[in-house]
Amino acid sequence: MGGNCSNCIQCQKDKTESNIEVKVTKKSDSQRAQSQSQQSCHSLIDGNDVKQINCATKEQNNKKFSEFSVNQEIERMKVNFNDKAIVIQKIWKGHKVRQSYKEMKKKFYQFDKGNDKQEQNTLINQNLEVILVFVKLQANNVSIGQQREKRPLFVFKSGATYEGEWLGNKRDGKGVQIWIDRARYDGEWIDNKACGYGSFYHIDGDSYVGEWADNRGNGYGIYKQSNGTVYQGYWKNDQQHGKGEEKWPDLSIYKGDYFEGKKQGKGKYIWPDGSYYEGDWFDHKMNGYGECNWFDGRIYKGEWFNNKMHGKGIYQWPDGRQYVGQWHYGKLHGKGKYILSDGLIKFGIWDQGRRLRWTDE
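Residue numbering for the sequence shown follows the numbering used here, starting at 2 and increasing by one per position.
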């Protein structure tokens, strides 16, 4: 303490605690669905950078009037028939839309049956746009007098093949298409597009099984990479978007929000050794407020920027010591309060992880 600081606990630990950082290194495996699936591995602190009529005679007049009346009645019948046909068609389309909406909604609810209704409703609202695209395509494609039919194997000029249901000259219903590179889609089609529920298998071993709209992964789906990485959650236009969970071969796990293919929003990342970060994410990185708990008992609660402790925060060691104060890119920097294990409080100023001096307060 004071001038004789060589004997105090703080000075004995200055060297080992001068660099306190968290580093998350990402490694990405390309996904055909154009979403980023990354694995994060951590280096813990202590010196290292830690997703649509004229009349003539009376007799002639009576005759013509009679004929006109009949013609009018016929025309009215035609109009009524056409109107009724349109009404019937609208009712039928409406029925199909409601039926499709209920089916899609049911599938969305099945994702997180353990969550409360408020969170389930949030998930449904997040994907309402996807549902509307799906039912709109389906409704516009239903027409009176035209029915789906299953046809023999069809070979396209490109060499790709399709076997399944058609509506007129369009793939519509359930069918399987195989490309010349052996990529394969097996599922539902609407208006020549993958739409509904289906499975896509890439030639490199990756696969996507889930909801589709407009030839893209939209809704809930599971993407498995050949290296063992698995993402299950929501998609929008082939990108991870909404709630999801991603697991890597080394047993790392991320569960939380995605936005346009990136970890963004609230989420929890768990490392293989049990250490975890829970808090705000932006652009695949820890940004905002969050809490990090290490396997050996160390804890940091505070602000983050680009995977580093940055701003105001509290760092606690397993023996009870704490640092409360400013951080700069993973290092103690600025004014801070140091609390010893015995409760003694000391104030000081740090620069890039090194204490410059103690202060009165």
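No residue lacks a Cβ here, since even glycine has one placed at the ideal position from N, Cα and C.
Cβ separation of N307 and I300, assumed to be a contact under 8 angstroms, to the nearest whole Å
That belief does not hold up - the Cβ atoms of N307 and I300 are roughly 21 angstroms apart, past 8 angstroms.
Would the beta-carbon of E164 fall within 8 angstroms of that of G174?
No.
In the structure shown, what three-state DSSP assignment does W93 receive?
At W93, the pLDDT of 48 sits below 50, so the modelled position is not reliable and the matter cannot be decided from this model.
Could you tell me the boundaries of the beta strand (DSSP E) in which W282 lies?
Run containing W282: 277-283, per the beta strand (DSSP E) assignment.
Quick one: complete beta strand (DSSP E) runs, 3+ long, within the segment 232-275?
240-248, 254-260, 263-271
Classify S253 as buried or exposed, calling it buried when 16 or more other Cβ atoms lie within 10 Å of its own Cβ.
buried
Within its chain, find whatever has a CB closer than 7 angstroms to the CB of D274; leave out the 5 residues flanking it on each side and keep chain order.
F296
N- and C-terminal bounds of the beta strand (DSSP E) containing L345:
Note, L345: premise wrong, no beta strand (DSSP E); not H, not E.
Please list the terminal residues of the continuous beta strand (DSSP E) segment that includes G222.
Residues 217-225.
Measure the Cβ-Cβ separation of M310 and G331 and say whether it is below 8 angstroms.
yes
Identify, in the order they occur along the chain, each residue of the same chain with its Cβ nearer than 8 angstroms to the Cβ of G312, setting aside the five sequence neighbours on each side.
G303, E304, W305, F306, Q327, W328
In terms of residue numbering, what span does the beta strand (DSSP E) encompassing S200 cover?
DSSP places S200 inside the beta strand (DSSP E), whose first and last residues are 194-202.
Just tell me which of K244, G206, Y235 has its CA closest to the CA of Q226.
G206
How should W351 be labelled, buried or exposed, when 16 other C-beta atoms within 10 angstroms of its C-beta is the threshold for buried?
buried
Selection from D251, Y316, Y255, S276 that minimises the alpha carbon distance to K286:
Y255
Short check: CB of I193 to CB of K171, under 8 angstroms?
Note on identity: in this sequence residue 193 is Asn, with Ile being the wrong assignment. Their beta carbons are under 8 angstroms apart, which means N193 touches K171 by this criterion.
For the putative contact between W282 and G266, defined by C-beta atoms under 8 angstroms, what is the C-beta separation to the nearest angstrom?
6 angstroms
Member of Q148, W180, Q147 whose CA lies at the smallest distance from the CA of F155:
W180
Do G211 and Y221 have their C-beta atoms within less than 8 angstroms of each other?
Taking the C-beta atoms as reference points, Y221 is found nearer than 8 angstroms to G211.
How many Å lie between Q317 and G349 at the Cα?
17 angstroms
Under the three-state reduction of DSSP, which class applies to Y339: helix, strand or coil?
strand
6 angstroms Cβ shell around G229 - same chain, five flanking residues per side excluded:
Excluding sequence positions up to five before and after G229, its CB lies within less than 6 angstroms of the CB of P250, all in the same chain and listed in chain order.
Based on DSSP bridge pairs, tell me the residues matched to E304.
Y290
Determine the direct distance from the alpha carbon of Y198 to that of E150, and round the result to whole angstroms.
19 angstroms
Whole angstroms is fine: what's the gap from G218's alpha carbon to N238's?
6 angstroms
Helix, strand or coil, according to DSSP, for R322 in the structure here?
coil
Excluding five sequence neighbours on each side, which residues of the same chain lie with their C-beta closer than 8 angstroms to the C-beta of Q148?
In its chain, beyond the 5 residues on either side, L168 have a beta carbon closer than 8 angstroms to the beta carbon of Q148.
Would you say G314 and S342 are within 8 angstroms of each other, going by their C-beta atoms?
no
So, helix, strand or coil for D297, using DSSP?
coil
When burial is assigned at 16 or more other CB atoms within 10 Å of the CB, is L333 buried or exposed?
buried
In the DSSP assignment, what are the bridge partners of H334?
DSSP lists no bridge partner for H334.
Comparing alpha-carbon positions, which option in Y339, E292, I223, P319 lies nearest Y277?
E292
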